[in-house]
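I have placed the structure first, in the form of structure tokens, so that the comments after it can refer back to it.
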Amino acid sequence: MTDDDSVTATPATTPAPEPAAPEPAAPEPAVPEPADAAAGFTPEQPPAAPRPASRRLLRAGAATVAAALVGVVIGVGIIKTRYDDPAPAAAAGPTGAPAPTATPTPYGAKSNGSHFGSLRDLLLPVPAGFELGPDEGGYGNDTEIGAGQISDELDAELQQVPKDKRDKLRSYWEGLHVKGTGVRTYRNDGNNLVVGLRLRQFNQQEVQRINEYTAVFTGDTGIFRSGPQIPGHPEAHCYLMPAPPSAPIDYLECSAAEGDLLVVMSVEGVAPLPKDKIVGLFTLQLDRLASPGASA
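Throughout, my numbering is defined as the position within the sequence shown, counted from one, plus 33.
Given below as structure tokens:
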């Protein structure tokens, strides 16, 4: 057992700066009671047996509640945090003195599973065969959102919520200890596949709870299609959105808990989706966050 403060740090690579992009706004009618959303699933509760249609609709409503809560308190606002590229090394002077170099920014994971460093550094760098993808909502494709900015946006959104629920949502938000959200999108060279990765950093117990609840909901309602497995990462799960067999475009999402990071990948592309490539990308992202220490 290593000490909780032991870390493995690696130099960060700094992607090209872009404007930023918001998480999709949560559906206003489905604002939940925070206690209900947090208690939607616990590890001790086994997945429920198939229910009649009416019960499934109720379960779908509960998942909408959880999704709305997470969307409101974690992904409400996207505020651009600009990162300048390290200054290039100065040309050697007449004496041939060594040129100064930028100091790398450390990032990684502590032995207790909490991560440190920029969320943009923890996000998967653009891999071979891809480039930065389209903006999300017109704000950008490479973004880090601070907790303070998200909190301000949350306050604005909560003005539209009844006061009794507003106070409970605010209380639940404070208990999450949200640190921020990182977003990056990728587009393949063939321009037929778009991938979005989001790292949401907050309380580890709630990260685990939300990830487990999502796994049970997407597998138990019959609404979603089963997605591929992620080898070496049993906490990860993938599912495909409802779509007719003849649909030309398909949609897939994957979710995983890595310490204090809820990792979500969304994929849109020409059907059938290249699942091997998608699994490879998500595996690379999770391996980068592996505890105790992230790799460059």
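In this text, a Cβ means the ideal position worked out from N, Cα and C, and glycines have one as well. If you're wondering where the values come from, they're calculated on a predicted model, not measured in any experiment.
Review point. Would you call Lys212 buried or exposed, if buried means 16 or more other Cβ atoms sit within 10 Å of its Cβ?
Key: As a working note, residue 212 is residue 179 in the sequence shown. Answer is buried; the Cβ neighbour count reaches 16.
**Study point:** Local conformation of Ile282 per DSSP, three classes
**Key:** Residue numbering aside, residue 282 sits at position 249 when the sequence shown is read from its first letter. In the structure shown, Ile282 sits in a strand (DSSP, three-state: E or B).
Review point. With C-beta atoms as the reference, is Gly332 less than 9 Å away from Val227?
Key: The structure shown does not extend to residue 332, since the chain is modelled only from 34 to 329, so the question has no answer here.
Review point. Skipping 5 residues on each side, what residues in its chain have a beta carbon closer than 6 Å to that of Lys310?
Key: As a position in the sequence shown, residue 310 is number 277, starting the count at 1. So no residue of the chain qualifies.
Point to revise | Val312 versus Glu268 - alpha carbon distance | key: The residue given as residue 312 occupies position 279 in the sequence shown. The residue given as residue 268 occupies position 235 in the sequence shown. So the two alpha carbons sit approximately 14 Å from each other.
Practice item. Decide yes or no for the touch test of the stretch 156-173 against the stretch 315-323: beta carbon pairs closer than 8 Å, at least 3 of them. Key: yes
Exercise for review: Starting from Asn221, trace the beta strand (DSSP E) both ways and give me its first and last residue.
Suggested key: Along the sequence shown, read from residue 1 onward, the residue named residue 221 stands at position 188. Boundaries of the beta strand (DSSP E) around Asn221: Gly213 to Asn221.
Exercise for review: Could you pull the start and end residues of the beta strand (DSSP E) that Glu177 belongs to?
Suggested key: Numbered from its first residue, the sequence shown carries residue 177 at position 144. Start and end: Asp175 to Gly179.
**Study point:** the stretch 229-246 touching the stretch 294-301, judged by at least three CB pairs closer than 8 Å
**Key:** The answer is yes - the stretch 294-301 touches the stretch 229-246, with three or more Cβ pairs under 8 Å.
Check your understanding: Looking at Thr214 and Ile351, is the spacing between their C-beta atoms short of 9 Å?
Key -> This structure cannot settle anything about residue 351, because the visible part of the chain is limited to 34 through 329.
Review point. Smallest Cα separation from Ala304: which of Ile183, Asn225 and Ser144?
Key: Here residue 304 refers to the residue found at position 271 when the sequence shown is read from its first residue. The option with the nearest alpha carbon to Ala304 is Asn225.
Review point. Under the rule that 16 or more other beta-carbon atoms within 10 Å means buried, what is Glu207, buried or exposed?
Key: The sequence position of residue 207 within the sequence shown is 174, counting from 1. That one is exposed.
Check your understanding: Rounded to whole angstroms, how far is the Cβ of Gly162 from the Cβ of Asp253, which I believe are closer than 8 Å?
Key -> Mapped onto the sequence shown, residue 162 falls at position 129. Mapped onto the sequence shown, residue 253 falls at position 220. The Cβ separation is near 36 Å, so there is no contact.
Practice item. State the Cα-Cα distance for the pair Ala189 and Gln182, rounded to the nearest angstrom. Key: Taking the first residue of the sequence shown as position 1, residue 189 is located at position 156. Taking the first residue of the sequence shown as position 1, residue 182 is located at position 149. Each residue's alpha carbon lies about 11 Å from the other.
Check your understanding: Is the Cβ-Cβ distance between Glu286 and Cys271 less than 9 Å?
Key -> Taking the first residue of the sequence shown as position 1, residue 286 is located at position 253. Taking the first residue of the sequence shown as position 1, residue 271 is located at position 238. Against a cut-off of 9 Å, the Cβ pair of Cys271 and Glu286 comes out as a contact.
Practice item. State buried or exposed for Gln192, treating a residue as buried only when at least 16 other CB atoms are found within 10 Å of its CB. Key: Residue mapping note: residue 192 aligns to position 159 of the sequence shown, counting from 1. Looking at its Cβ environment, which holds fewer than 16 other Cβ atoms inside 10 Å, Gln192 is exposed.
Check your understanding: Relative to the C-alpha of Pro139, which residue among Gly146, Leu152 and Asn145 is closest?
Key -> Residue numbering aside, residue 139 sits at position 106 when the sequence shown is read from its first letter. Closest option to Pro139, Cα to Cα, is Leu152.
Check your understanding: Thinking just about the alpha-carbon of each residue, which of Phe235, Ala180, Tyr246 and Leu314 is nearest to the one in His148?
Key -> Looking up residue 148 in the sequence shown gives position 115. It is Phe235.
Check your understanding: Hey, quick one: how far does the beta strand (DSSP E) through Ser299 stretch, first residue to last?
Key -> Residue 299 sits at position 266 when you count from the first residue of the sequence shown. That run of the beta strand (DSSP E) goes Leu294 to Val303.
Exercise for review: Can you grab the Cα-Cα spacing for the pair Leu314 / Gly260, in whole Å?
Suggested key: Position 281 of the sequence shown, counted from the start, is the residue given in the question as residue 314. Position 227 of the sequence shown, counted from the start, is the residue given in the question as residue 260. When rounded, the distance between both Cα atoms is 14 Å.
**Study point:** Entirely enclosed alpha helix (DSSP H) segments - the stretch 221-245, minimum 4 residues
**Key:** none
Exercise for review: Mark Ser288 as exposed unless 16 or more other C-beta atoms lie within 10 angstroms of its C-beta, in which case mark it buried.
Suggested key: Locating residue 288 in the sequence shown gives position 255, where the first residue counts as 1. By the neighbour-count rule (16 or more Cβ atoms within 10 Å), Ser288 is buried.
Review point. In this structure, does DSSP put Ser147 in helix, strand or coil?
Key: As a first step, residue 147 is located in the sequence shown; it is residue number 114 there, counting from the start. It is coil, neither helix nor strand.
Exercise for review: Identify, in the order they occur along the chain, each residue of the same chain with its Cβ nearer than 6 Å to the Cβ of Glu239, setting aside the five sequence neighbours on each side.
Suggested key: Reading the sequence shown from its first residue, position 206 is the one you call residue 239. Cβ neighbours of Glu239 beyond the five flanking positions: Leu209.
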